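Read the structure below first, then the notes.
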Amino acid sequence: MDSVLDLAPVIPVVVVDSPESAVPLARALVAGGLPAIEVTLRTPAALPAIRAIAAEVPDAIVGAGTVISPGNVRDAVDAGAGFLVSPGWTEKLLDAMGASGVPFLPGVSTTSEVVALLERGVSEMKFFPAEAAGGTAYLKSLAGPLPQARFCPTGGITPASAPAYLALGNVGCVGGSWMVPADAVANGDWARVEALAREAAALR
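Written out as structure tokens, the structure reads:
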């Protein structure tokens, strides 16, 4: 894959409580036009979910989110994750992600963090928590001095605010969870998930 940022305008950020729901959920998102799916490592079901999606949904590109340690990197890649996303980064975590063999988006929220990543040869990153950290105004202000940095803003983004982010030249995509509402997932309402995914895929 050339870049995680160019796969779709929105990367669904998914918290999986039941591995059994992972495959139909992924199929619904892919059918709606969102092939890149970030499964956060926040529940015991996350790694089995990544493994199941990687094995059974060939058109999905499943990644792992909330990667915060080298152990997370190893476990996610072993489970079949095709990309990694972290909420922040340390030198140790960055080294592990860089050695993983898969694309990764380390999280940043300050100019200094962006510059430090550029210094390490990393130009694609997650901007988190996007709304709390300054939103579109902050990202727009980074474009002048740091035009080589590209972002996937995540955190507090909605269907209403996503287009403003996507209109920025230094934003490749956004991350969000509005297309996977908890009640739809709990009830297995995959048609609703697919419809919401289709709307998100049409944002750009």
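Following this note's numbering, the numbering of the sequence shown begins with 383 at its first residue and continues without gaps.
From the three backbone atoms N, C-alpha and C, an ideal C-beta is built for every residue, glycine too.
Model, not experiment: these values are computed from the prediction.
When you compare the CB positions of residue i and residue j, do they come within less than 8 angstroms of one another, or not?
| i | j | result |
| --- | --- | --- |
| E473 | G447 | no |
| V490 | F509 | yes |
| V484 | G464 | yes |
| D457 | L476 | no |
| I450 | P426 | no |
| A544 | G558 | yes |
Quick one: give me the first and last residue of the beta strand (DSSP E) that residue i is part of.
| i | result |
| --- | --- |
| T422 | 418-422 |
| R532 | 532-535 |
| P394 | 392-396 |
| E506 | 506-509 |
| G557 | 556-558 |
Considering only C-alpha positions, which residue in the set the options is nearest to residue i?
| i | options | result |
| --- | --- | --- |
| G526 | L466, L550, V412 | L550 |
| E435 | S451, T425, P417, V449 | The amino acid occupying residue 435 in the given sequence is Ile; Glu does not appear at that position. Considering only alpha carbons, the answer is P417. |
| V334 | S505, I450, L423 | An answer regarding residue 334 cannot be provided, because it is not within the stretch 383 to 586 covered by the chain. |
| L548 | C534, E506, G414 | C534 |
| G538 | G517, A481, D460, G480 | G517 |
| D571 | D460, P406, M479, S505 | P406 |
My assumption, with CB atoms under 8 angstroms, is that residue i sits in contact with residue j. Please give the rounded CB distance.
| i | j | result |
| --- | --- | --- |
| P391 | A579 | Not really, about 11 angstroms apart at Cβ, beyond 8 angstroms. |
| V553 | L521 | 6 angstroms |
| T536 | A512 | 6 angstroms |
| E581 | A410 | Actually they are not in contact, since the Cβ atoms of E581 and A410 sit about 13 angstroms apart, beyond 8 angstroms. |
| V386 | L487 | 6 angstroms |
| M561 | A531 | Incorrect: roughly 26 angstroms between the Cβ atoms, too far for contact. |
Roughly how many angstroms lie between the CA atoms of residue i and residue j, to the nearest whole one?
| i | j | result |
| --- | --- | --- |
| V467 | V412 | 19 angstroms |
| P440 | L528 | 36 angstroms |
| P452 | G445 | 15 angstroms |
| A404 | N454 | 19 angstroms |
| P401 | A431 | 5 angstroms |
| A564 | P394 | 13 angstroms |
| V396 | E501 | 31 angstroms |
| A566 | R574 | 7 angstroms |
| A481 | E495 | 20 angstroms |
| A408 | G415 | 11 angstroms |
| T492 | L499 | 11 angstroms |
| V459 | I443 | 13 angstroms |
| M479 | A461 | 15 angstroms |
| T540 | L585 | 11 angstroms |
Residue i lies in the alpha helix (DSSP H); which residues open and close that run?
| i | result |
| --- | --- |
| E402 | 401-413 |
| I450 | It is not in any alpha helix (DSSP H) - I450 carries neither H nor E in the DSSP assignment. |
| N569 | 564-569 |
| W572 | 572-583 |
| L499 | 493-501 |
| R433 | 428-438 |
| E513 | From DSSP, E513 is part of no alpha helix (DSSP H); its letter is neither H nor E. |
| L476 | 473-480 |
| A544 | 544-548 |
Can a CB atom of chain B be found closer than 8 angstroms to the CB of residue i?
| i | result |
| --- | --- |
| S400 | Any reference to chain B falls outside this structure, which holds one protein chain only. |
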